[in-house]
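Under the numbering used here, read the sequence shown as residues 11 to 210, first letter to last.
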Amino acid sequence: MSAVQHLATDQTSQQSEVRASRAIGAIFFTVFGAAWLVLWCLQVYGAALGVLLIIVAAGVGLLLLSSAQFRRNRSAYRANQGTPRRLRQSRAFNIINAAQWAIIIVGASVLTKLNQSIWIMPFVIFTIGAHFIPVGVVFKSKARYVIGIALMLVALVYPHLTDAGPASSSGPFCAGLILWAGAIASLIPYRYGDGAVRNE
């Protein structure tokens, strides 16, 4: 195999690995986005079967697309799973994720003790958004920065838009839509850069 052919094969493998990684991200965005939208539905419509079915149908559709993209590229992903780069990323991600949940649990407990539990929702949305910033650093993903900043802005702004304050259903609704937008963006063919292996 010539040097040019080897380079082309290597780039194809790297692109396939990134597509698989983005598909995994899309799966998580879809699941958590659906959870926020179900919460929004329960706040606004109660257990309205029609609205819940729409959310479930859209969520299942995104999951199927994400799973299909992962299956098409999983061989390249698995081939690089045990590399030092992937192991470092995995450790960093686990630490960030654990810190996120610790902050949410402690913060929610403090707000409850202060009789300010109404602020738990925006606090959770802000914390989730904030955790995307270091995740974006770890994976060299500009998309994570956008998602994180969008969620933090929602958390800061929505409590002041209606008389319902932090209890407004617009918080969960916007959080769900942002995460689903992230899922869709993760499935769009990328240009070498965002989340690309050589930049990670």
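Even glycine gets a Cβ: it sits at the ideal position worked out from N, Cα and C.
Treat the numbers as computed from the prediction; the structure is a model and nothing was measured.
Would you give the residue range spanned by the alpha helix (DSSP H) that H141 belongs to? Where H141 is concerned, the enclosing alpha helix (DSSP H) stretches over 130-149.
By DSSP, does G92 sit in helix, in strand, or in coil? G92 falls in the coil class under three-state DSSP.
How many angstroms separate the CA atom of I25 from the CA atom of S119? The sequence given here has Gln at residue 25, not Ile. C-alpha separation (whole angstroms): 43 Å.
If you follow the alpha helix (DSSP H) that Y155 is in, where does it begin and where does it stop? Per DSSP, Y155 is one residue of the alpha helix (DSSP H) stretching across 152-167.
Backbone secondary structure at L171 - three-state DSSP: Coil, per DSSP.
Since N83 contacts E27 with CB under 8 Å, what's their CB separation in whole angstroms? The Cβ separation is near 7 Å, so the contact holds.
At the level of alpha carbons, what is the spacing between A193 and A68? Cα to Cα, the separation comes out at about 12 Å.
Nearest-angstrom Cα distance between I157 and I138? Cα to Cα, the separation comes out at about 10 Å.
Determine the direct distance from the alpha carbon of L52 to that of L59, and round the result to whole angstroms. Distance from the CA atom of L59 to the CA atom of L52, rounded to whole angstroms, is 10 Å.
Given a threshold of 16 other Cβ atoms within 10 Å of its Cβ, counted over all protein chains shown, does A153 qualify as buried or as exposed? Classification of A153: buried, given that the 10 Å Cβ count is 16 or more.
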